[in-house]
Amino acid sequence: MTDAVPVTVYTRENCHLCEEATETIEAVADDAGVEVSLDLVDVDEEPSLREEYGDRVPYVLVDGRPAFKYRVDRPRLRRLLTEA
């Protein structure tokens, strides 16, 4: 069995786009049969992250590489997950 694909989502509380992104990632991974290791990072917990990302959340990294900002494109995510 292959290792889970690391997916990091920079997020914040009460962010509907962040919730939507997380749900999309989980649904696409499940549909593609790919295990993901989902790491949710609240940018408001760390001043340097809040400064770096500001309102640019959700910001998604797939396998350590920037992949999406604001919205997750399902077909592209599926491709990134299966190629990782």
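Residues are numbered in the numbering used here as their position in the sequence shown, beginning at 1, plus a constant of 820.
We treat Cβ as the ideally placed atom computed from N, Cα and C, and that holds for glycine.
Here the structure is a predicted model, which means the values were calculated and not measured.
Exercise for the section: Measure the beta-carbon distance from V880 to Y873 and round it to whole angstroms, keeping in mind my assumption that it falls under 8 Å. Expected result: Between Y873 and V880 the Cβ distance is about 11 Å, and since that is not below 8 Å, they are no contact.
Exercise for the section: Measure the alpha-carbon distance for C838 versus E846 and round it to whole angstroms. Expected result: 12 Å
Problem - Proximal residues to Y830 (C-beta, below 6 Å), its chain only, five neighbours per side dropped - result: V861, V863, Y873, V877 and Y879
Practice task
Report the residue from E866, V854 and L897 whose alpha carbon sits nearest the alpha carbon of R832.
Solution key: E866
Problem - Opposing strand residues paired with T828 [DSSP bridges] - result: D859 and L881
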